[in-house]
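With my numbering applied, the sequence shown corresponds to residues 1 to 100, in that order. Built from N, CA and C at the ideal position, the CB exists for glycine as well.
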Amino acid sequence: MADVHLDPERLRAHARRAETLADGLARRRRDVDRARPGDRAELDRIAGGVTTVAHRLTALAAELRATAWAAEEADRAHRDVVVRLAGDSPIVDALTGRAT
């Protein structure tokens, strides 16, 4: 099995990008309001699809933030195990900020 590390800050940055995209897509375009009656139905259908994508991007952003939180928790738990197994070690003390 491959060793995977999820960087919480990178995940949060992706979440911010997804939300920015969602916000941009969610804004109603004036072109739809000015469309000819024959084109209006098609533009409304497209706008509905764009709204769906915006909602999915917002959901993705929430999932990315939850994953970032879980990655931080996993890092904390892993660090605690390493410190516990290492015992009294000046190197571990320095890495964990316990050095005096």
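Within a Cβ cutoff of 8 Å, which residues of the same chain sit near residue i, ignoring the five residues on either side of it in sequence?
i, result
"arginine 10", "none"
"histidine 78", "none"
Within the same chain, show all residues whose beta-carbon is closer than 6 Å to that of residue i, passing over the 5 residues directly before and after it, in chain order.
i, result
"valine 50", "Leu25"
"alanine 15", "Ala61, Leu64 and Arg65"
In terms of alpha-carbon separation, which member of the options lies closest to residue i?
i, options, result
"threonine 20", "Glu42, Ile91 and Ala54", "Ala54"
"alanine 59", "Asp23, Thr96, Leu43 and Gly97", "Asp23"
"leucine 57", "Ala18, Asp44 and Ala35", "Ala18"
Using 10 angstroms around the beta-carbon of residue i, count the other beta-carbons present and answer buried if the total reaches 16, otherwise exposed.
i, result
"methionine 1", "Because the pLDDT at methionine 1 is just 48, under 50, the model does not fix this residue reliably, and the value given afterwards should be weighed accordingly. Counting Cβ neighbours within 10 Å, methionine 1 comes out exposed, since fewer than 16 surround it."
"leucine 85", "exposed"
"alanine 94", "exposed"
"alanine 13", "exposed"
"alanine 41", "exposed"
Go through its chain and collect everything with a Cβ distance to residue i's Cβ below 7 Å, but skip five positions before and after it.
i, result
"proline 8", "Ala68, Ala71 and Glu72"
Using beta carbons (cut-off 7 Å, strictly below), is residue i in contact with chain D?
i, result
"glutamate 63", "Absent from the structure: chain D. Only one protein chain is present."
Would you mind listing the alpha helix (DSSP H) stretches within the region 14–66 that are 4+ residues and don't spill past its ends, in chain order?
-> Within the region 14–66, the complete alpha helix (DSSP H) segments at least 4 residues long are 30–33, listed from N- to C-terminus.
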